[in-house]
Amino acid sequence: MSFEKFKLDEKIMGGVVAAGYKKPTPIQAESIPSIMEGKDVMGLAQTGTGKTAAFVLPILQRLMKGQRGHIRALIIAPTRELSEQTHEAIQQLGRKTGLCSTSIYGGVSINTQINRLRSRVDIVSACPGRLLDHIGRGTLDLSHVEVLVLDEADHMFDMGFLPDVRRIVKHLPAHRQTLLFSATMPGEIRSLSDDLLIDPVHIEIGNTAPVMTVSHSFYPVQMEQKTALLKDILEKTDTQSVLVFTRTKSRAKSLAEQLNRIGHKVTSLHGNLTQQKRKQSLDGFRDGRYEVMIATDIAARGIDVTRISHVINYD
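Per the working numbering, residue 22 is the first one in the sequence shown, and the count goes up by one each step.
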């Protein structure tokens, strides 16, 4: 199966080709036709399965027709990194369409975002907190939204955002298409989907077992020996890019400092960093300037980085 089967506008296909997409992933193959038909969709799929393009492509297709310059698609995600990543995917895949996208999240100037919103935006990728700030200030109009996407919905629940999501939805038209994507389906997310989705198409991809291409190792170790073991693993293992998850911000910072001192090219990613430093860390890890990234679970879900050979859960 190829992307031609979806009969996307040639300008969108130009973005698909430029992005190097060859064959739809299972979540894309099953979701895109239903979304293009205007149906609500509840997609259950693990991180890294191509969910972003699964909703971005049909949204671009829909927005090619109709009046431009209003916010017609709203994508809500739990973290700044995911909102920015979705915005970048829209820019890449929609580069030839003339549709305008922007991202909205905290930690950066709200005035810069207000100025962007004044320039007639079609698609907004946002985090709940800052989006509510804009709603409260009256600096964006959601009355024309045709498509709402809730991305990584279970992670939004973990971070306590579901009440904010329900507040945001009250500002949207009742008649709209709603798409919900999640890696797991706890009861709270099922309840949210029951409230927001109308007769949805249920799509589940590979949720019953870990991906077969991933091998797992488990090391029982005392807390005081963890860092020494990590250093040993990094020195004796053939790795490309290594992502290490810690439970706390302070541990991420101190662990990065210790590894840097013994010669590893290390960066960290956690909530105490400014948005600019978070972006610099992620960009440096993506392009290979850093061989190891120590992160809290701010980056645990949905971050698109190729070349990762090892993921280590330190805690």
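Using N, Cα and C, we set each Cβ at its ideal position, and we do this for glycine too.
Note that the structure is a prediction, hence the values are computed from the model and not measured.
Same chain, Cβ closer than 7 Å to Lys11, neighbours up to 5 away in sequence not counted
With the chain covering 22 to 336 only, the question about residue 11 has no answer from this structure.
What are the boundary residues of the alpha helix (DSSP H) that Gln49 is part of?
47-57
Ala40 - DSSP class collapsed to helix/strand/coil:
coil
From the DSSP output, in three-state form, read off Leu265 for me.
Note that residue 265 is Val in the sequence shown, not Leu. In the structure shown, Val265 sits in a strand (DSSP, three-state: E or B).
Can you check the region 115-195 for any alpha helix (DSSP H) of at least 4 residues that lies completely inside it and give the ranges in chain order?
Taking only runs of at least 4 residues, the alpha helix (DSSP H) segments lying wholly in the region 115-195 are 131-138, 149-158, 174-179, 183-190.
Rounded distance between the beta-carbons of Ser271 and Met289, thought under 8 Å:
In the sequence as presented, Met is not what sits at residue 289; that position holds Ser. Their Cβ separation, rounded to whole angstroms, is 11 Å, which puts Ser289 and Ser271 out of contact at 8 Å.
Excluding five sequence neighbours on each side, which residues of the same chain lie with their C-beta closer than 6 Å to the C-beta of Arg116?
Correct list, in chain order: Gly36.
Using a Cβ distance threshold of 8 Å, determine whether the region 191-204 contacts the region 119-130, with at least three qualifying pairs required.
no
Find the nearest neighbour of Thr337 within the set His285, Gly284, Asn293, Pro241, judged by alpha-carbon distance.
Look at the range of the chain in this structure, 22 to 336, and you will see that residue 337 is not part of it.
Residue range of the alpha helix (DSSP H) that includes Ser275
270-282
Considering Cα atoms alone, identify which of Pro79, Ile56, Gln49 is closest to Ala66.
Gln49
Would you identify the three-state DSSP class for His108, choosing helix, strand or coil?
helix
Buried or exposed for Met244, please, with buried defined as at least 16 other CB atoms from any protein chain shown within 10 angstroms of its CB.
exposed
Between Cys148 and Ala204, how many whole angstroms is the CB-CB distance? I'm expecting something under 8 Å.
That pair is no contact at about 18 Å.
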